[in-house]
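Written out below as structure tokens is the structure these notes cover.
Numbering (the numbering used here), first residue to last: -5 to 210.
What follows is the structure, encoded as structure tokens:
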């Protein structure tokens, strides 16, 4: 696990400490931000927060997969999940964390939302994230995935994505028990990546340790 550095007090800035070690399907980076006197709940501003965060993530070449707000003691936890076709490196997570933090600071100071004290966490998806969009399948080519197709439950390896199916449709190719299957995106239920330990050719680092968080 990586080490973490705590930010003292509630106003200073500092660079995030690099976690020890790399690898694993999930990387996190979190300049954790404390704000002054508690104001309206951040949950009431979820859409405003998304409107502030999304352009920062998109400009960096990534997708905003999720923005969730929950309680963490007296503060709110703002958890932002980002992803890209080539994954998200630790350096990219740290850079995104700084950019998002700056954007939220600017909105806070301009009075866009009277936010309570909060903690910001920026992370890439773990393998437990369901595959619900074509880009999710594209980013998991080579993995073993369980998915429902109509009333049928399949477990197979994704061999290709964005493959033409019929006229005007796209889908995925899967190897299911040695049998090739071509499935439209429209007929796929949420896919679930299956953990495979010690698979040398997976290229996904399933058996690598999960890095720790960067906090500043």
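Idealized CB from N, CA, C, for every residue including glycine.
Neighbourhood of residue i by C-beta distance below 6 Å, restricted to the same chain and skipping five residues each side
{"i": "residue 44", "result": "61"}
{"i": "residue 148", "result": "141 and 170"}
{"i": "residue 57", "result": "77"}
{"i": "residue 185", "result": "125, 139 and 141"}
{"i": "residue 51", "result": "58 and 76"}
{"i": "residue 181", "result": "143"}
Under the three-state DSSP convention, the category residue i falls into
{"i": "residue 211", "result": "No answer is possible for residue 211: it lies beyond the span of the chain, which begins at -5 and ends at 210."}
{"i": "residue 46", "result": "helix"}
{"i": "residue 103", "result": "helix"}
{"i": "residue 122", "result": "coil"}
{"i": "residue 159", "result": "strand"}
{"i": "residue 135", "result": "coil"}
{"i": "residue 191", "result": "coil"}
{"i": "residue 75", "result": "strand"}
Within 8 Å, strictly: CB atoms of residue i and residue j
{"i": "residue 152", "j": "residue 142", "result": "no"}
{"i": "residue 124", "j": "residue 156", "result": "no"}
{"i": "residue 63", "j": "residue 97", "result": "no"}
{"i": "residue 119", "j": "residue 59", "result": "yes"}
Same chain, Cβ closer than 8 Å to residue i, five either side skipped, listed in chain order
{"i": "residue 169", "result": "150, 151, 153 and 175"}
{"i": "residue 183", "result": "141, 142 and 143"}
According to DSSP, residues forming a beta bridge with residue i
{"i": "residue 211", "result": "Past the edges of the chain, shown from -5 to 210, lies residue 211, and the structure says nothing about it."}
{"i": "residue 169", "result": "151 and 174"}
{"i": "residue 146", "result": "143"}
{"i": "residue 70", "result": "65 and 112"}
Closer than 7 Å: residue i CB and nearest the ligand FMN heavy atom
{"i": "residue 72", "result": "The model depicted lacks the ligand FMN and carries no ligand whatsoever."}
Own chain partners of residue i with C-beta closer than 7 Å, once the 5 adjacent residues on each side are dropped
{"i": "residue 177", "result": "143, 165, 166 and 168"}
{"i": "residue 159", "result": "165, 176 and 178"}
{"i": "residue 53", "result": "none"}
At least 3 beta-carbon pairs within less than 8 Å: the stretch 83 to 95 vs the stretch 130 to 138: In this structure the stretch 83 to 95 does not lie against the stretch 130 to 138, because fewer than three pairs of beta carbons, one per stretch, are closer than 8 Å.
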